[in-house]
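Here full-length UniProt numbering is used: position 146 in the sequence shown is 146, and no number is missing along the way. All C-beta atoms in this analysis are idealised placements derived from N, C-alpha and C, irrespective of residue type, glycine included.
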Amino acid sequence: MAAKQAIECHTWRPKARPSSEVQFQIGGSVFNLDKELLAAKSEKLAKLLKESPHENPSQLLRDIPADQDSLEIVERFCQGYEINLSTENVVRVTCVSHYLGMTESHCPNNLLNKTIVFLEQEIIPSWSKSIKALKTTENVLQEALHLGLVEYCVESIVSKVLEDPRLLGEPIKDPVSGDDSDENDNGFRQASVRRKLFDHDWKSEDLKILSLRLYEYIISTMLRRKVPQEYVAANICEYAKKWLFCKRGDDASVYAENSQREIVEVLEALLPHQKGVLPCTFLFGMLHFAVVLGAKPECKNGLEIRIGNQLDHASVKDLLIPSQGYSKDERYDTGCVTRILKNFYNNYTGPGDSGLLSVAELIDEFLAEISADIDLKMTTFMEFADMAVAASAETPRTSDGIYRAIDIYLDKHRYLTESQKEEICRFLDCNKMTREACEHAAQNNKLPTRVVVQVLFIGQLKLRDEIAKEVKNGGGLLKVAEAEEDVVTEMEEIGNKVLALERECSAMRRQISCKNVKTPKKNIWKEMKRKLGCATTSIHECDCHVKKKKKVHPK
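As structure tokens, then:
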């Protein structure tokens with residue numbers, strides 16, 4: 001009974017201290033084992049004592065891969081007591097018993113054989129225990145690799161995943177396929193359309209406990225063994241959430257940043273290239289960390305390519321990637337977005353034009369968002385405006401998106417000259433503007449005069465076409481005539497306003513060029529502001545911008 005109590009006591013130590021001991025120093029603590037009892041089980045110690053009987057065996061065994069718990073188990077085993085193997089200690093005890101040579105050839109029913117049997121019968125059949133045992137190899141990784149313990153646990157995990165990939169977690173809903181069915185081709189249940197990117201109800205999140213090195217090894221093995229990529233991708237998302245997408249404090253250490261940089265680089269290399277297995281939101285999140293942490297160029301390039309392959313499923317919020325570094329003048333990383341767009345157009349193979357139309361709309365929205373940046377260079381704006389026009393070419397899309405972006409840019413950059421405004425507005429196709437946009441542009445004092453006149457002219461042509469169509473159809477002639485009269489009246493008023501503006505400008509230029517005329521410039525601008533409805537009191541505050549005309553209309 002007393003022996004049983006001693007076995008169950010976690011801090012049990014033999015009371016009687018033998019005269020001859022082997023002393024180990026583990027983690028700052030001294031641990032003593034009976035030399036003769038240990039030699040009876042350890043082939044290595046017995047050989048050392050035989051070859052060098054006067055040497056201190058403690059020095060000869062100083063590189064033993066043990067901790068206090070594993071040495072206690074070895075001691076209990078040598079003294080004939082029952083040992084308590086578990087998921088947490090079996091790998092370490094296996095490494096120690098192998099190091100000491102506690103084999104069957106030296107002594108029957110030795111410790112090494114007992115640990116191997118325990119692994120085979122208790123650990124390997126279980127998914128969770130295999131993962132926990134694999135995690136414990138991190139402390140004795142070199143020994144565990146040498147003995148094949150890492151490969152043993154990995155093979156157990158991978159074989160179970162091949163039988164049921166759902167152990168990795170349910171795949172994220174494929175945003176590309178558009179398949180809303182509950183069953184996919186291989187018979188596994190698809191995640192709900194409304195499933196969030198990271199759902200805590202997934203069947204398994206166990207692989208998240210592994211170190212990056214072990215996780216990389218096991219995921220690489222799964223990819224080589226052809227585990228379905230959508231399940232691998234789902235598990236990588238979970239791992240990234242735990243180790244990468246956690247909030248970092250402003251005082252994050254350099255070590256932490258280097259660690260996260262390694263995580264994003266390793267995970268990017270593991271990400272499947274199959275289109276649709278990862279949502280754009282996740283890929284953009286990875287790219288954000290890659291940029292912030294200064295990841296390798298090949299890492300950022302790989303993410304940009306993956307994003308480009310499914311850009312038609314991104315949102316404008318995804319594209320708003322903040323610029324990094326003090327030298328960056330613009331608010332957003334437009335260079336990164338440009339590369340993503342090039343990847344999309346170079347590799348687009350989607351059926352029909354739906355993807356192209358989606359990206360064209362996305363460019364319009366992105367251009368409108370960045371136009372509000374006061375630091376956005378004119379060349380950058382024109383580059384994206386050019387891409388937006390090219391993306392919408394040969395499509396039924398209107399130019400309203402381009403017009404909205406131009407309007408915002410001119411409003412936030414009032415310092416632009418008339419010629420610069422003209423250059424920006426050359427991307428605007430008035431023929432593709434809707435009636436509402438034309439009405440707004442006709443009264444927009446931020447636009448150059450030429451553009452306003454062109455909008456009015458196009459609007460009048462469209463109105464005539466509509467009237468002719470109605471007349472041809474023979475319906476609602478009276479109503480159409482009334483509408484035509486109202487619109488024509490309004491257009492004539494605006495046209496007169498523009499002509500009056502041009503006449504005033506001509507008069508002003510003549511007066512300025514005439515040296516003998518002393519008419520103050522202030523009175524002319526005050527009258528022009530009155531005509532244009534400006535309430536400001538200075539030339540610089542007025543929103544009116546007038547383009548010089550070669551032809552002067554007579555009064």
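Residue i, buried or exposed, once every other Cβ within 10 Å from all chains shown has been counted against 16
| i | result |
| --- | --- |
| Val-140 | buried |
| Glu-527 | Here the model assigns Glu-527 a pLDDT of 39, short of 50, so the residue's position is not dependable, and the following value carries that caveat. By the 10 Å Cβ count, Glu-527 comes out exposed. |
| residue 559 | No information on residue 559 is available, as it lies outside the stretch 1 to 555 that the chain covers here. |
| Ser-399 | buried |
| Tyr-415 | exposed |
| Asp-329 | exposed |
| Gln-121 | exposed |
| Ser-105 | exposed |
| Asp-407 | buried |
| Ala-39 | buried |
| Val-337 | buried |
| Asp-373 | buried |
| Lys-446 | buried |
| His-273 | exposed |
| Ala-213 | Here residue 213 is Arg; the residue named in the question, Ala, does not match the sequence. With fewer than 16 other Cβ atoms within 10 Å, it is exposed. |
| Gln-324 | exposed |
| Cys-246 | exposed |
| Pro-297 | exposed |
| Gly-459 | buried |
| Lys-50 | exposed |
| Pro-448 | buried |
| Val-117 | exposed |
| Leu-461 | exposed |
| Glu-238 | buried |
| Lys-412 | exposed |
Beta-carbon spacing of residue i, residue j below 8 Å
| i | j | result |
| --- | --- | --- |
| Val-291 | Asp-318 | no |
| Phe-381 | Ile-424 | yes |
| Ala-66 | Val-96 | yes |
| Ile-363 | Ala-388 | yes |
| Ala-240 | Pro-171 | no |
| Phe-289 | Leu-244 | yes |
| Thr-115 | Thr-136 | no |
| Arg-331 | Asp-386 | no |
| Glu-216 | Val-161 | no |
| Gln-260 | Leu-210 | no |
| Lys-41 | Val-22 | no |
| Tyr-231 | Gly-148 | no |
| Cys-299 | Val-277 | no |
| Gly-401 | Ala-368 | yes |
| Tyr-409 | Met-433 | no |
| residue 586 | Leu-60 | Nothing about residue 586 can be reported from this structure: the residues present for the chain run from 1 to 555 only. |
| Leu-71 | Phe-24 | yes |
| Glu-422 | Arg-397 | no |
| Pro-279 | Pro-228 | no |
| Ile-218 | Leu-271 | no |
Beta-bridge partners of residue i, as assigned by DSSP
| i | result |
| --- | --- |
| Phe-366 | In DSSP, Phe-366 forms no bridge with anything. |
| Asp-63 | DSSP lists no partner for Asp-63. |
| Asn-32 | Gln-23 |
| Tyr-332 | Pro-322 |
Given residue i as reference, the closest of the options once Cα atoms are compared
| i | options | result |
| --- | --- | --- |
| Glu-155 | Ala-256, Gln-454, Leu-223 | Leu-223 |
| Ile-124 | Val-91, Cys-107, Leu-100 | Val-91 |
| Thr-349 | Gly-335, Asn-309, Ser-419, Glu-82 | Asn-309 |
| Ser-58 | Val-264, Lys-208, Phe-31 | Phe-31 |
| Arg-464 | Lys-44, Arg-435, Tyr-81, Gly-101 | Arg-435 |
| Cys-438 | Arg-426, Val-453, Phe-427 | Val-453 |
| Ser-20 | Pro-53, Gly-80, Gln-460, Lys-44 | Pro-53 |
| Ala-295 | Gly-276, Arg-397, Glu-262 | Glu-262 |
| Leu-357 | His-313, Gln-142, Lys-342, Ala-133 | His-313 |
| Val-316 | Gly-355, Glu-365, Leu-270, Leu-341 | Glu-365 |
| Lys-129 | Glu-151, Asp-164, Thr-87, Glu-163 | Thr-87 |
| Ala-269 | Arg-306, Glu-238, Cys-280 | Arg-306 |
| Phe-427 | Asn-347, Gly-355, Thr-379, Leu-119 | Thr-379 |
| Thr-281 | Lys-44, Lys-173, Pro-108, Pro-448 | Lys-173 |
| Gly-335 | Asn-431, Tyr-345, Pro-322 | Pro-322 |
Supposed close pair residue i, residue j - CB separation, criterion 8 Å
| i | j | result |
| --- | --- | --- |
| Phe-77 | Leu-33 | That pair is no contact at about 11 Å. |
| Ile-73 | Asn-89 | 7 Å |
| Met-286 | Leu-303 | 5 Å |
| Asp-206 | Ile-131 | 5 Å |
| Ala-360 | Ala-391 | 4 Å |
| Asp-353 | Thr-395 | 7 Å |
| Val-150 | Leu-167 | That pair is no contact at about 19 Å. |
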